[in-house]
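In this note's numbering, the protein residues as written are 7 to 225.
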């Protein structure tokens, strides 16, 4: 009987040891995760993620990255003004749009933009989605039919576009955009980075001022 109790005690001790080891492993994994994804406390967009976006800062050039949402009123307002920078500074300015979805929103509008970009009509789709949402009252945030109607309106091949949208071909890319936003503490849209630095004031007046100053410094 004593031997049986000893074996049970040893077995219980072994299980407890395993649990402790597993707990330590979980804690270590969580520590590594938070250290590696601690966010953007400095308000800058780290260089390694410029590489992920195939974006590098070049002398005499200004790179703008905007996180946006197609249902965001302020994003729509900024969208109307952004072309001013391109008209004023030409190829000295490059703008990269990163659309994201908010919690509980479908990713379909983001996927639609990414598909259109892949098909060579990203800018047209961006403008058409905002126009459909805010000027035509179309539910481009959730309705696949509305999105396909927008795609057709800018001349995209309906069959090819619909197949890609239905298949979820860009679902992973849409989720990657959201991970990027989370990595850099994007709490709302629009969030604008200029040459890697977050802009608290995203008005076109301030963006123009910052771009002009950076180009002047780069001379």
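Ideal Cβ positions, reconstructed from N, Cα and C, are used throughout, including at glycine.
Computed from a predicted model, the values in this text were never measured in an experiment.
Contact check, residue i vs residue j, beta carbons under 9 angstroms
i	j	result
residue 154	residue 140	no
residue 117	residue 193	no
residue 95	residue 217	yes
residue 184	residue 114	no
residue 70	residue 91	yes
residue 112	residue 148	yes
residue 122	residue 160	yes
residue 224	residue 66	yes
Rounded Cβ spacing between residue i and residue j (contact assumed at less than 8 angstroms)
i	j	result
residue 120	residue 180	7 angstroms
residue 106	residue 136	Incorrect: roughly 15 angstroms between the Cβ atoms, too far for contact.
residue 195	residue 75	4 angstroms
residue 158	residue 146	In fact, because the Cβ distance is near 13 angstroms, the residues do not count as touching under 8 angstroms.
residue 134	residue 156	5 angstroms
Paired residues, beta bridge with residue i - DSSP
i	result
residue 68	99
residue 198	72, 205
residue 105	74
Residue of the options minimising C-alpha distance to residue i
i	options	result
residue 203	97, 213, 86	213
residue 131	147, 162, 145	162
residue 219	68, 90, 97	68
residue 81	210, 145, 191, 92	210
residue 63	201, 205, 206, 221	201
residue 109	77, 85, 205, 134	77
residue 83	222, 98, 208	208
residue 101	199, 205, 144	199
residue 221	205, 85, 97	97
residue 129	205, 85, 165	85
C-beta neighbour in chain E for residue i, strict 9 angstroms
i	result
residue 75	Protein chains in the displayed structure number just one, and chain E is not present.
Minimum length 4: unbroken alpha helix (DSSP H) runs contained in the segment 95-173: 114-124, 128-140, 150-159, 164-173
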